[in-house]
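To start, the structure under review is shown below, and the notes come after it.
Numbering (this note's numbering), first residue to last: 1 to 105.
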């Protein structure tokens, strides 16, 4: 059974809970920018382990120092607590990367 989608009340708190992310109600999106490719790829490697531990995986892409992320729970047809947990973990991990994210990330 897929996890439950976020309620309207939970969706209303997203901009406060995850201020760097944008949401259309069914996905969360953010672009992280780092000093260089190595920092961006290192971030992705660390997040991959977190995603595996959650059994929840991002849709993402990397172009040099940028990592574009989109989160949704496909089996639920929208956002769930898994997406919030992964977004929060990604924000935390980005702060641990020695060369990133840059202030305008």
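Backbone N, C-alpha and C define an ideal beta-carbon position, used for all residues, glycine too.
Helix, strand or coil for residue 78, going by three-state DSSP, please let me know. Numbered from its first residue, the chain shown carries residue 78 at position 78. It is a strand residue.
Give me, in chain order, the residues of the same chain whose beta-carbon lies closer than 7 angstroms to that of residue 192; leave out the 5 immediate sequence neighbours on both sides. As shown, the chain starts at 1 and ends at 105. That puts residue 192 outside it, with no answer to give.
What does the Cβ neighbour count give for residue 83, buried or exposed, with the cut at 16 atoms within 10 Å? The residue you call residue 83 lines up with position 83 of the chain shown. Within a 10 Å sphere around the beta-carbon of residue 83 sit 16 or more other beta-carbons, which makes this residue buried.
Where residue 105 falls: helix, strand or coil (DSSP): Along the chain shown, one-based indexing puts residue 105 at 105. Its pLDDT being 47, under 50, residue 105 is placed unreliably in this model, and the value from its coordinates should be taken loosely. Residue 105: coil per DSSP, three-state reduction.
Check each candidate in 95, 32, 76, 39 and name the one with the smallest Cα separation from residue 56. As a position in the chain shown, residue 56 is number 56, starting the count at 1. Out of 95, 32, 76, 39, 76 has the C-alpha closest to the C-alpha of residue 56.
Out of 40, 17, 14, 7, which one is the CA nearest neighbour of residue 94? Within the chain shown, numbered from 1, the residue matching residue 94 stands at position 94. Residue 94 has its Cα closest to that of 40, out of 40, 17, 14, 7.
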